[in-house]
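Trainee:
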Amino acid sequence: MSQEFDLSIRIQALTLHSEGYSRAAIVQKTGYSPGGLSSLIHKAKKRGYQPGQGPILREYADTEPRKGRPPKLTQDQKDKIVATLTSDKACREFSSQKLADKLNRENPDDPAISRRTVLRALTAEGLHLGRQRSSKKQKG
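Heads up: the sequence shown begins at 1 in the UniProt record's numbering, then just goes up one per residue.
#1: For Ser8, count neighbouring C-beta atoms within 10 Å of its own C-beta (all shown protein chains included) and say buried if the count is 16 or more, exposed if not.
#2: For Met1 and Val27, what's the separation of their Cα atoms in angstroms?
#3: Based on Cα-Cα distance, which residue from Gln77, Asp88, Leu127, Gln53 lies nearest to Asp109?
#4: Does the stretch 112 to 130 come close enough to the stretch 89 to 96 that 3 or more CB-CB pairs lie under 8 Å?
#5: Report back the beta-carbon spacing between Tyr32 and Ala13 to the nearest angstrom; my notes put them in contact at under 8 Å.
#6: Just the Cα atoms here: how many angstroms apart are Thr123 and His42?
#7: With a cut-off of 8 Å on the beta carbons, I'd call Glu125 and Val82 a contact; round off their distance for me.
#8: Please look up how many angstroms separate the CB atoms of Lys67 and Leu103, rounded, as I've assumed it's under 8 Å.
#9: Determine the extent of the alpha helix (DSSP H) in which Arg105 is found, giving its start and end residues.
#10: Quick check for students: name the residue ranges of the alpha helix (DSSP H) that lie wholly in the UniProt region "Disordered" (46 to 78), counting only runs of 4 or more.
#11: Measuring straight from C-alpha to C-alpha, what distance separates Thr86 and Lys72?
#12: Taking the straight line between their C-alpha atoms, what separation do you get for Gly52 and Thr15?
#13: Quick check on the burial criterion: 16 or more other C-beta atoms within 10 angstroms. Buried or exposed for His128?
#14: DSSP on Ile81, reduced to helix/strand/coil?
Quick look at the structure:
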């Protein structure tokens, strides 16, 4: 895996390039590899960087967002879960499975939502499903 340089070093490398320094000099001053420097300049040019013209903007040197697993729920789905749970007293007593079943029935085109996903979404929103406990008679 390649080394990722700090934003300030990436901006410094682009500034030196913009001022006309040779690539060898930039590599020596910043610690970039020649290929890494070429990649940085290429990506910056795609984002609007023009050597020798104007200031070096942060967007030229920012890293791209990392790829990763997409979230199971969209924000709209999370909002529906919270809205369903908080809509009325009857819904507040739903189990996570009942909530998941209700949402899956209402949105058949969306991927199925499991009860665990519902629980994770509620926990992330700071909500918790309470247990219903029956009152026990104490023996006396």
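Every residue gets a Cβ at the ideal spot worked out from N, C-alpha and C, and that includes glycine.
Mentor: In brief:
#1: Burial check for Ser8: the Cβ neighbour count within 10 Å stays below 16, so the residue is exposed.
#2: At Met1, the pLDDT of 46 sits below 50, so the modelled position is not reliable and the matter cannot be decided from this model.
#3: Among Gln77, Asp88, Leu127, Gln53, the Cα nearest to that of Asp109 is on Gln77.
#4: Counting C-beta pairs with one atom in each stretch, the stretch 89 to 96 and the stretch 112 to 130 have three or more that are closer than 8 Å, which means they touch.
#5: Contact between Tyr32 and Ala13 is confirmed by a C-beta separation of about 6 Å, below the 8 Å threshold.
#6: Thr123 and His42 have their C-alpha atoms spaced approximately 43 Å apart.
#7: About 6 Å; that satisfies the 8 Å criterion.
#8: Rounded, the Cβ-Cβ distance is 28 Å, inconsistent with contact.
#9: If you look at Arg105, you'll find it in the alpha helix (DSSP H) that goes 96 to 106.
#10: Listed in chain order, the complete alpha helix (DSSP H) runs (minimum 4 residues) inside the UniProt region "Disordered" (46 to 78) are 58 to 61.
#11: Straight-line measurement puts the Cα of Lys72 at about 22 Å from the Cα of Thr86.
#12: One C-alpha to the other measures close to 9 Å.
#13: Exposed.
#14: If DSSP states are grouped into helix, strand and coil, Ile81 belongs with the helices.
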